[in-house]
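Be aware that the sequence shown starts at 1, since it is given in UniProt numbering, and climbs by one per residue. Just so it is clear, CB atoms sit at the ideal spot from N, CA and C, and this is done for glycine as well.
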Amino acid sequence: MKRQALYLREKALVYGLFFVKGRIAGSFGSNKQRTICSPLLIYPTRIEIENNTTFVYLTNDTPQLNTRLLLELVGDENREEALSNVPKIDGALTDTHISNLVSWIQQYTDIKDALYLLRYPELTTQLDKVSPKGLKVTSSAAVMLVDRPKSSSGIIHELKSIAQSGSVSAPIFKLLSNQEVAPNVSAPPNFEAVPGLLSKAQKTAIKIASSETLGLISGPPGTGKSYTIAATVADRVTQNESVLIVCETEQAIDVIEQKLDEHFFLTGCHIRTGDKAVLKELKSQVASWLNFGIKAIDDDALKHSLSQLRQTQQRTKSLEKQFIKCNKRSMLFGRFIKQAQQPRASLLSRLIYRYIKYRLPKLKTQWSIIDELQQSLSEREQQAAHHIKLTTQARIEHLLNHHRSELVKFNQAIRARSSGKQADIFNSIDPQHLLQAFPVWLVTADTLHRTLPLKKELFDVVLIDEATQCNIAAALPALYRAKRALIVGDAKQLKHVSFLSKEKERELLQKNHIDEEALNKLSYRDNSILHLASDAITTQKSVTMLDEHFRSKQDIIAFSNHHFYDSRLKIMQHRPNQDALGNVYLHRTSGTRCKKGTNTVEIERISALLEDTINRFKNKSHPPSIGIISPFRHQAEAIAKQLNRNFTHDTISRHNIRAATPYGFQGEERDIMLLSFAIDNDSQRAAVYLRKEDMFNVAITRARQAQHVFFSFDPKLLPNDHLLKQFIEYYTNVASQHIGHDDTLDSFQTQVCKTLNERGVQTWKSYPIAGRKVDILCHANDKRLAIDLIGFPGPWQDYFELETYKLFNRANLSIFPLSYGLWVEQQERCLDEIIKRLS
């Protein structure tokens, strides 16, 4: 369990059955033989603890054939016949299945004595005794941690089916033809019905999903890609559309599913495949609907819900107009008050000032309007959530009333014990009826073929997450099932790993009559689906970049923002920090890199820091999560082994500790990250690898709160354009990223700061947050408040637009609008309001 926790992304826990042992020819036609010990059948497995007893559970009754082993066992001369006659195992393993497998082994392989398998379920444990000559199969079983398998055979089958169909979906045509495609007609977004405050870029993403055949969302680290996907789904569901979400990993699906349920209240209208715990819950839910029905939702309730939403939105717009009107008046009043304060003020100026003094106490303050506006926005969010819930219930009620038989079939399918029977039932269901009740499906790319029928444009929209990790071939079956597609990822992060050589790829292109010019575009090894989509899109209105970074502290993301994203990211966590060290810590060691590629001194220093951190948080209810990254696999594995030796399973689980390369942390984050670069002054060849921008960018952007960098070399010895040298020098030379800008500013700002300081409130003038400069930032009692100065003639007389108020709200920072006129006439009242909000 401890090792599985440490290798969550890289390895899968499986139960292997019927092991083949012995020696076979080496790979790629080599004469050198190699020893193997590999199971014919594989079951996905999990470990559970019940009443202090540990159990191993098979998560699927039907075993998977180890196709890679079968390919090794059959000869070239009868390979095609052998593979076409591989016995199918459908459902739980039976004597007939075993008998068919034994017959196949005897006919097509060199394995002798396969009859022993017929004695199953009797098992032998003689896995350690490998026959020196030939191959042997034993009735053995083992629980193993293995590299996560990719189900490429299902993808290949679907690609062949698409090719034979003679037609493709609109997104695929757009991808491969370089021609414009008329977008599928769709309902425009209804932002009123989507809970949450959305940024301009997020609204653009939702518009693209509703109107473009092929769209691209660029999401740098920590910019809310998963939240944007969930918001897009919520909008499409309210418009009665169906959505397919495809991810590369189960962890990515976890994050999106959590956002759908917690932020957009879509529980009950989405189906997630592949997870047995989720399937158990789904079975219970569907059975309940069939046996007891669902609370009736009449049309009046839906209409009333929508009417409430619209009324709240109208009230919100009215308050926004009031706020703008009030601010414009404050600017006018401020100018007249300033004129009246001059030594030789005119009579007219003094009369206007008297009028302003008379009017001010009777007027509504900007902060009261903002408070009402916040309340209105909160009500809208609750009402939007309620409306989505009612809409979901209405969908299910309609299915029960008009197409109950389809839900009965679906219930039978998800309870079927064999995959063949399940497939037959699924094929008999009208998917459009099923999508009425379950409009959202979440699936990994390599299990899609086992989940949904291959039907052209089955879904209104498909969203592909972490698209740089998704190769072109694996994405096409998902895109075939969609009318419109939204590709979400970041070209500055890692793409999928391919072991296909350039020579083999060129050979395949020639074999299939594809010219050399197409290689750059269609290259499987060099391009992800994101790169192909970017090349195929012909108008920038189909593209947007998420630019609000929520994950990391300012200095942690600073280098990446500057070097990879042209300083376009608005850092939403940026706050004044009195710690001059910031949140990035450099640890230079005296370690050396050995021939195996490990640096033991760095490993020891990391272990010591880990132990210290774990002890500091031993009695805390919310301990930080911790990750360790090394760009080099041998160093990452050595650190993982050290973790396994030094820490208990409970400690590893409590802090969610894991060590991996950047590939293992793509799409993940931790509170504290430890980086081990593992090179020394004599590791010039290894240092070349660290120039890989995508790998480097992922490595340095996983931390939320603190980042510790361990290195054992002199940065001066690296070339000036080397990424690692620039990174180390950036954090060596920049003393602190937490500096406010104390420019020569107006007297109104200076007076407010001085008065607040006297009241024990810490202030910063013209402080940069989220791409904006706050007129005054206040801090007291562990709370922060931004002050928007309005009306005093000078650089700060203008007011923040409402989008800025919403921007700061997303950054969890409140703004207090303070007019010059009210400060002059009712200073104590203004101070009391500010202090109250900081108390």
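From the options, residue whose alpha carbon lies closest to that of residue i
i           : options               : result
residue 313 : 195, 421, 218 and 204 : 195
residue 248 : 69, 523, 494 and 573  : 494
residue 592 : 655, 685 and 678      : 678
residue 840 : 221, 724, 671 and 572 : A question about residue 840 goes unanswered here, because the residues of the chain that appear run from 1 up to 839.
residue 497 : 505, 340 and 663      : 663
residue 152 : 472, 46, 178 and 341  : 472
residue 193 : 696, 411, 667 and 305 : 305
residue 66  : 460, 18 and 110       : 18
residue 41  : 598, 140 and 426      : 140
residue 261 : 85, 282 and 385       : 385
residue 478 : 501, 500, 466 and 446 : 446
residue 326 : 606, 820, 178 and 350 : 820
residue 82  : 651, 285 and 74       : 74
residue 603 : 630, 453 and 400      : 630
residue 795 : 36, 614, 748 and 806  : 748
residue 299 : 758, 316, 371 and 398 : 398
residue 666 : 252, 172, 215 and 158 : 252
residue 753 : 779, 729, 145 and 451 : 779
residue 38  : 44, 68, 228 and 55    : 68
residue 166 : 387, 456 and 624      : 456
residue 265 : 382, 372 and 159      : 382
residue 600 : 690, 624 and 634      : 634
Contact under 7 angstroms by Cβ, residue i with residue j
i           : j           : result
residue 219 : residue 490 : yes
residue 781 : residue 831 : no
residue 396 : residue 409 : no
residue 534 : residue 470 : no
residue 785 : residue 814 : yes
residue 256 : residue 226 : yes
residue 547 : residue 201 : yes
residue 647 : residue 676 : no
residue 484 : residue 184 : yes
residue 482 : residue 169 : yes
residue 16  : residue 142 : yes
residue 842 : residue 245 : Residue 842 cannot be examined here, being either before or after the span of the chain that is shown, 1 to 839.
residue 174 : residue 213 : yes
residue 243 : residue 461 : yes
residue 86  : residue 111 : no
residue 59  : residue 46  : yes
residue 787 : residue 818 : yes
residue 626 : residue 657 : yes
residue 413 : residue 426 : yes
residue 486 : residue 287 : no
residue 144 : residue 14  : yes
CB contact check: residue i to chain D, cutoff 7 angstroms
i           : result
residue 435 : Here there is only one protein chain, and chain D is not present.
Identity of the residues DSSP links to residue i by a beta bridge
i           : result
residue 545 : 218
residue 670 : 703
residue 144 : 14
residue 528 : 471
residue 44  : 14
residue 37  : 21
residue 57  : 46
residue 676 : 710
residue 138 : 19
residue 197 : Paired residues: none, contrary to the question.
residue 390 : Answer by DSSP bridge pairing: none, since residue 390 is not bridged.
residue 112 : 136
residue 658 : 627
Point to revise | Segments assigned beta strand (DSSP E), at least 3 residues, entirely inside the segment 698 to 765 | key: 703 to 712
Point to revise | Stretch-stretch touch, CB-based, cutoff 8 angstroms, three pairs: the segment 91 to 101 with the segment 113 to 122 | key: yes
Exercise for review: Evaluate contact between the segment 558 to 569 and the segment 230 to 238, counting only Cβ atoms and requiring at least three cross-stretch pairs below 8 angstroms.
Suggested key: Verdict: no, contact absent.
Check your understanding: Could you give the uninterrupted runs of the alpha helix (DSSP H) lying entirely in the segment 225 to 294, keeping only those of 4 residues or more?
Key -> 225 to 238, 250 to 262 and 276 to 292
Practice item. Please confirm if the segment 633 to 648 is in contact with the segment 680 to 692, defined as three or more CB-CB distances below 8 angstroms between the two stretches. Key: No, because fewer than three Cβ pairs between the segment 633 to 648 and the segment 680 to 692 fall closer than 8 angstroms, the two stretches do not touch.
Point to revise | 3-residue-minimum beta strand (DSSP E) runs that sit fully inside the segment 762 to 820, ordered along the chain | key: 762 to 769, 772 to 780, 783 to 790 and 814 to 819
Review point. Three or more beta-carbon pairs under 8 angstroms between the segment 359 to 377 and the segment 401 to 408, yes or no?
Key: By the Cβ criterion, the segment 359 to 377 is not in contact with the segment 401 to 408, since fewer than three pairs of Cβ atoms, one from each stretch, lie closer than 8 angstroms.
Practice item. Assess, as a yes-or-no matter, whether the segment 710 to 720 is touched by the segment 564 to 572 under the definition of 3 or more beta carbon pairs within less than 8 angstroms. Key: Short answer: they don't touch.
**Study point:** Segments assigned alpha helix (DSSP H), at least 4 residues, entirely inside the segment 567 to 636
**Key:** 600 to 616
Practice item. Could you say if the segment 424 to 440 and the segment 329 to 339 meet the contact criterion of at least three C-beta pairs nearer than 8 angstroms? Key: Output reads no: the segment 329 to 339 does not touch the segment 424 to 440.
Review point. Going along the chain, which unbroken runs of the beta strand (DSSP E) with 3 or more residues stay wholly within the segment 442 to 514?
Key: 459 to 464 and 482 to 489
Exercise for review: Within the segment 319 to 344, note down every full beta strand (DSSP E) run reaching 3 residues or more, in order along the chain.
Suggested key: none
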